[in-house]
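Undergrad: Take a look at this one; I'll ask things after.
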Amino acid sequence: MIDTALGFRNKIKSIDYLLVLAAVALSVMGLLCIYEVGGFGEIRMQIIAILLGLCGMSVTALFNYEYFTGKIMSFLLFALSVGILVLTLKIGTGEGNQSWIAIGSVTVQPSEFVKILFIITFATHLNAVKENINGIFSVLGLCLHGGVIIGLVGMQGDLGSALVYAFIFVTMLFSAGLSLWYLLGGLLLIVAASPFLWPHLNEYQQQRILVGFNPELDPLGKGYQPILSKNAISAGGLSGVGMGNTEIAPTIPKSHNDMIFGVMGELFGFAGLILFFLLMSVLVLRLLRLSKNARKDTGSYICAGIAAILIAQTLENVGMCLGLLPVIGITLPFVSSGGSSVLSLYLAIGLALSVGAHNKKYYFERERS
């Protein structure tokens, strides 16, 4: 399945090294933050996940992504996605959700990996209907495709991941040329449905949402994490307190994953946070560049979907740590502790690199089929 026509040497030359370096730099920042609050025992598994991710990224980049975008393969991947999510719904465990599966001594979050499958299958679907994407039947089919996956993730009680999937769904739709009128209609539908959806959220989720927008409502309970996170960021000042000198960050519950932006703020200060946003901007802009230059529309949609993951998770995680959004368990891309998250993200970067490695056959003209 590795496309030898392009040649190994040409593939190496086509790699977007700036994209890879930005991802690795973010991972290094994450390791320093995790070590600061958890020591070597906490970062050991993260290092293993990063190394596995880099290996997986390298292998994925060598594969021709087009092998996975055929109609039959796409259908099989969609069926696999549904099967994985249904299985997780049946046997999954977690704090306030059912999104984790134990495999021996390791716990895995399948929805992180299904994101990649969803992006591939949805990109293939978009490519199939692109000539009439604003037709009502095309839109209904696309909504059914996205709704099944997002609904299954939401049924696991993982509201944060469901929102990330929804953002991917919307981003890819509009990258394919869907009319903005559909977005307006969708927003109105969500507002109208909110009173009916609220009672179906469990008490744990409802409290997280209410306190998320105003942590001071429950400063010793649900608002405790974001309040401490904001204090940690303030304590970091301009240049941070340095390794081994943090006082607030280690006291934040789940400081190594959900609240790691607060750890970064105290450890590296405002300058470190600016560096984080610069590196993340490089990642997103390089992915959008790959999307723009993709030889096939399917590849363009795939890169747009991967960029959407980074944008959605960054906005959600930073919002949580600043007390602006509910704490709903979203990791900061490449930085937060979490093997499933970092491994899936590196695989996604590998997929984007594969798109970039197969965009030169027709020079600068994109193939529209």
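Numbering (our numbering), first residue to last: 489 to 857.
Heads up, the beta-carbon is just placed ideally off N, CA and C, and yes, glycines get one too.
Computed from a predicted model, the values in this text were never measured in an experiment.
Within 10 angstroms of the Cβ of C543, are there 16 or more other Cβ atoms? Answer buried if so, exposed if not.
TA: Along the sequence shown, read from residue 1 onward, the residue named residue 543 stands at position 55. Result: exposed.
Undergrad: Just the Cα atoms here: how many angstroms apart are Y834 and M545?
TA: Within the sequence shown, numbered from 1, the residue matching residue 834 stands at position 346. Within the sequence shown, numbered from 1, the residue matching residue 545 stands at position 57. Taking the straight line joining both Cα atoms gives about 5 Å.
Undergrad: If the criterion is Cβ atoms closer than 7 Å, does the pair T734 and E524 meet it?
TA: Taking the first residue of the sequence shown as 1, we reach residue 734 at position 246. Taking the first residue of the sequence shown as 1, we reach residue 524 at position 36. Against a cut-off of 7 Å, the Cβ pair of E524 and T734 comes out as a contact.
Undergrad: Taking one C-beta from the region 787 to 797 and one from the region 560 to 571 each time, how about it: are there three or more such pairs within less than 8 Å?
TA: no
Undergrad: Relative to the C-alpha of I607, which residue among L640, L839, V815 and A680 is closest?
TA: To locate residue 607, count along the sequence shown from 1; it is residue 119. For I607, the nearest C-alpha among the options comes from L839.
Undergrad: So, helix, strand or coil for F551, using DSSP?
TA: Residue numbering aside, residue 551 sits at position 63 when the sequence shown is read from its first letter. Looking at F551 - three-state DSSP - the assignment turns out to be strand.
Undergrad: Thinking C-alpha only, which one of L771, L810 and Y653 is nearest V512?
TA: Here residue 512 refers to the residue found at position 24 when the sequence shown is read from its first residue. For the residues L771, L810 and Y653, the minimum Cα distance to V512 belongs to L771.
Undergrad: Can you list, in chain order, the stretches of the alpha helix (DSSP H) that have 4 or more residues and sit fully within the region 546 to 620?
TA: 559 to 579 and 598 to 617
Undergrad: In terms of residues, what are the limits of the alpha helix (DSSP H) holding M660?
TA: Against the sequence shown, residue 660 aligns to sequence position 172. Looking at the DSSP string, the run of the alpha helix (DSSP H) that includes M660 is L647 to S663.
Undergrad: Residue range of the alpha helix (DSSP H) that N781 falls in?
TA: On the sequence shown, position 293 is the one that residue 781 refers to. For N781, the enclosing alpha helix (DSSP H) covers residues I748 to N781.
Undergrad: Could you please give the first and the last residue of the uninterrupted alpha helix (DSSP H) stretch that includes N733?
TA: The sequence position of residue 733 within the sequence shown is 245, counting from 1. Run containing N733: none; DSSP gives neither H nor E here.
Undergrad: Report back the beta-carbon spacing between A720 and I736 to the nearest angstrom; my notes put them in contact at under 8 Å.
TA: In the sequence shown, the residue the question calls residue 720 occupies position 232. In the sequence shown, the residue the question calls residue 736 occupies position 248. That belief holds up - the Cβ atoms of A720 and I736 are roughly 4 Å apart, short of 8 Å.
Undergrad: Report yes if the CB atom of N702 is closer than 7 Å to the CB atom of S667, and no otherwise.
TA: Within the sequence shown, the letter at position 214 stands for residue 702. Within the sequence shown, the letter at position 179 stands for residue 667. Contact: no.
Undergrad: How would you write the range of the alpha helix (DSSP H) that N847 sits in, first residue to last?
TA: To locate residue 847, count along the sequence shown from 1; it is residue 359. Counting along the chain, N847 falls outside any alpha helix (DSSP H), and DSSP gives it neither H nor E.
Undergrad: K742 lies in the alpha helix (DSSP H); which residues open and close that run?
TA: Along the sequence shown, one-based indexing puts residue 742 at 254. Counting along the chain, K742 falls outside any alpha helix (DSSP H), and DSSP gives it neither H nor E.
Undergrad: Am I right that L514 and F749 are in contact with their C-beta atoms under 8 Å? What's the rounded C-beta distance?
TA: Taking the sequence shown and counting its residues from 1, the one referred to as residue 514 is at position 26. Taking the sequence shown and counting its residues from 1, the one referred to as residue 749 is at position 261. Wrong, their Cβ atoms sit about 12 Å apart, outside the cutoff.
Undergrad: On the criterion of 16 or more Cβ atoms from any shown chain inside 10 Å, does I638 qualify as buried, or is it exposed?
TA: Residue mapping note: residue 638 aligns to position 150 of the sequence shown, counting from 1. By the neighbour-count rule (16 or more Cβ atoms within 10 Å), I638 is buried.
Undergrad: By DSSP, does K710 sit in helix, in strand, or in coil?
TA: Here residue 710 refers to the residue found at position 222 when the sequence shown is read from its first residue. Here K710 sits in coil by DSSP.
Undergrad: If you follow the alpha helix (DSSP H) that T802 is in, where does it begin and where does it stop?
TA: The residue labelled residue 802 in the question sits at position 314 within the sequence shown. Residues D785 to C809.
Undergrad: Can you tell which of L778, L708, T802 and D785 has its C-alpha closest to the C-alpha of M747?
TA: By one-based count along the sequence shown, residue 747 stands at place 259. With distances taken between Cα atoms, M747 lies closest to T802.
Undergrad: Looking at C-beta atoms only, is the number of pairs between the region 810 to 826 and the region 647 to 654 that lie closer than 8 Å three or more?
TA: Using a C-beta cut-off of 8 Å, the region 810 to 826 makes contact with the region 647 to 654, since at least three inter-stretch Cβ pairs fall below that distance.
Undergrad: Which residue from G725, V699, V602 and D785 puts its Cα closest to that of Q713?
TA: The residue given as residue 713 occupies position 225 in the sequence shown. Here the closest residue by C-alpha is V699.
Undergrad: Is it the case that the Cβ atoms of R774 and N847 are separated by a distance below 7 Å?
TA: Position 286 of the sequence shown, counted from the start, is the residue given in the question as residue 774. Position 359 of the sequence shown, counted from the start, is the residue given in the question as residue 847. Cβ distance not < 7 Å, so R774 and N847 don't count as in contact.
Undergrad: May I have the straight-line CA-CA distance separating L506 from S626, to the nearest angstrom?
TA: Here residue 506 corresponds to residue number 18 of the sequence shown, with the count starting at 1. Here residue 626 corresponds to residue number 138 of the sequence shown, with the count starting at 1. Straight-line Cα distance between these residues: approximately 37 Å.
Undergrad: Check each candidate in Y553, V516, F551 and C521 and name the one with the smallest Cα separation from I858.
TA: The chain is shown only over 489 to 857; residue 858 falls outside these bounds and no answer can be derived.
Undergrad: Rounded to whole angstroms, what is the Cα-Cα separation between L867 and G629?
TA: Outside the displayed span of the chain (489 to 857) sits residue 867, for which this structure offers no information.
Undergrad: In terms of residue numbering, what span does the alpha helix (DSSP H) encompassing V679 cover?
TA: Locating residue 679 in the sequence shown gives position 191, where the first residue counts as 1. Element bounds for V679: L668 to L685.
Undergrad: Where do the ends of the alpha helix (DSSP H) carrying G626 lie?
TA: Here residue 626 refers to the residue found at position 138 when the sequence shown is read from its first residue. First, the residue type needs correcting, since residue 626 is Ser and not Gly in the sequence shown. Segment I624 to M643, the alpha helix (DSSP H) holding S626.
Undergrad: How should Q694 be labelled, buried or exposed, when 16 other C-beta atoms within 10 angstroms of its C-beta is the threshold for buried?
TA: Position 206 of the sequence shown, counted from the start, is the residue given in the question as residue 694. It counts as exposed.
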